[in-house]
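The next block holds one structure in the form of structure tokens; read it before the comments.
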Amino acid sequence: MTRKFDRKLEKEVITIYPGEYAVAKEDIYIYTVLGSCISVALYDEKNQVGGLNHFMLSGIEDIMNMQEDHFLNQSTRYGMAAMEVLVNSVMKLGGDRKHFKAKVFGGAKMIKSELLDNSVPVNNIDFVKWFLKSENISLEGSDIGGESARKIYFNPFSGKVFLKHIVPSMLEMKDEISYQKKIMEEKTQKEKKENDIELF
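Right under this line is the structure:
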């Protein structure tokens, strides 16, 4: 996470990366770039406070299988932890849960390959919709799916979001491929571990 003054925007800008989040009660921007990951802009207009996260994996398979130890103890790169931390952090800054609204971005299918897990973007989108509905948080807007990356600037003071669809750079594509490969490796290791269990 970095924070610096942007002369063009004439505001402080906090940049967050995968697995990070930021909350604020001031007239600034929280910025991130999204591929298959998801960002949720959570805000309370009345109390002028909000936050943005950037999570990589939904963890939705573990939720459906009720493997609570997995998703409750994971870092904020997982959807459940990312959302719980975001909600609690906004409340700590004075946000009132009954006034919460959300906007959702990301979940692009940027890379098509049989060697990679193409279900990740869909699972991320399904998870965040499920979470907001289960927590009775109003979904005010979204820009999800598709095949292009996104740049977003979120103002936690007003709840406004400025979004731009972009062609990812070579570095960003390499990061996305690396991230997708890591997901596949984790999935393979998990399946292998489950297959190694013997019942007596």
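Sequential numbering of the sequence shown, starting at 5, is according to my numbering. Glycine included, C-beta positions come from ideal geometry on N, C-alpha and C.
Beta-bridge partners of residue i, as assigned by DSSP
i: Arg101; result: Answer is none; Arg101 lacks a bridge partner.
i: Arg7; result: Ile18
i: Ile34; result: Ile18, Phe158
i: Val108; result: Val44, Ser146
i: Lys168; result: Lys155
Limits of the alpha helix (DSSP H) - the one that residue i falls within
i: Asn159; result: Unbroken run through Asn159: none, as it is neither H nor E.
i: Ser138; result: 124–138
i: Asn51; result: Here Asn51 belongs to no alpha helix (DSSP H), and DSSP marks it neither H nor E.
i: Gly83; result: 83–96
Backbone CA spacing between residue i and residue j [nearest angstrom]
i: Leu136; j: Gly23; result: 19 angstroms
i: Ala45; j: Met114; result: 22 angstroms
i: Ile42; j: Glu14; result: 27 angstroms
i: Glu30; j: Leu90; result: 16 angstroms
i: Ile129; j: Lys107; result: 12 angstroms
i: Leu97; j: Ala153; result: 31 angstroms
i: Ile141; j: Ile170; result: 29 angstroms
Beta-carbon proximity of residue i to residue j, cut-off 8 angstroms
i: Lys105; j: Glu49; result: yes
i: Lys168; j: Lys155; result: yes
i: Ile20; j: Ala28; result: no
i: Arg7; j: Ile18; result: yes
Beta-carbon separation (whole angstroms), residue i vs residue j, contact threshold 8 angstroms
i: Ala86; j: Phe109; result: So it is not a contact: roughly 14 angstroms between Cβ atoms.
i: Gly111; j: Gly149; result: 5 angstroms
i: Gly99; j: Val132; result: That pair is no contact at about 18 angstroms.
Delimiting residues of the beta strand (DSSP E) encompassing residue i
i: Ser146; result: 142–148
i: Val27; result: 25–28
beta-carbon residue i near the ligand FMN non-hydrogen atom, thresh 7 angstroms
i: Ile141; result: Among the ligands in the structure shown, none appear at all, so the ligand FMN cannot be discussed.
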